[in-house]
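Numbering (the working numbering), first residue to last: 11 to 120.
Just so it is clear, CB atoms sit at the ideal spot from N, CA and C, and this is done for glycine as well.
From a predicted model like this one, the values you see are computed outputs, not experimental measurements.
What follows is a single structure, written as structure tokens, with notes after it.
Structure, rendered in structure tokens:
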């Protein structure tokens, strides 16, 4: 299934094999629709570096990397083939690091 967001249309889940940090846990936030929201171990910077590297290995190129923003968050915009777009937002929340992924509807979903 897919959902329309202010960023664009997204898948309501991530495909199997999408690169995610080890030991993540699903998280509930009130941040709006997302393909996935999770609590991840490690800092914002380490999580963004991991995602950027792993997405590039998976064939995505980095379109932009914003941050750290005023709240300490960073946003990674990645582009894949055929107009596939992925936005990975990583933010500190208390003692946790929250990763929110928007996986664009133009991306393949097996």
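Q: Could you tell me the distance, in whole angstroms, from the CA atom of residue 18 to the CA atom of residue 105?
A: 30 Å
Q | Every unbroken beta strand (DSSP E) within the segment 20-73, with a cutoff of 3 residues, ordered by chain | A | 46-50
Q) Should the segment 84-91 be called in touch with the segment 39-53, which here means at least 3 C-beta pairs below 8 Å? A) no
Q: To the nearest angstrom, report how far apart residue 55 and residue 84 are at their CA atoms.
A: 8 Å
**Q.** Same chain, Cβ closer than 7 Å to residue 64, neighbours up to 5 away in sequence not counted
**A.** 29
Q. Between residue 117 and residue 26, what straight-line distance do the alpha-carbon atoms span, to the nearest angstrom?
A. 13 Å
Q: Starting from residue 120, trace the beta strand (DSSP E) both ways and give me its first and last residue.
A: It is not in any beta strand (DSSP E) - residue 120 carries neither H nor E in the DSSP assignment.
Q.
For residue 14, report the span of its beta strand (DSSP E) as first-last.
A. 12-14
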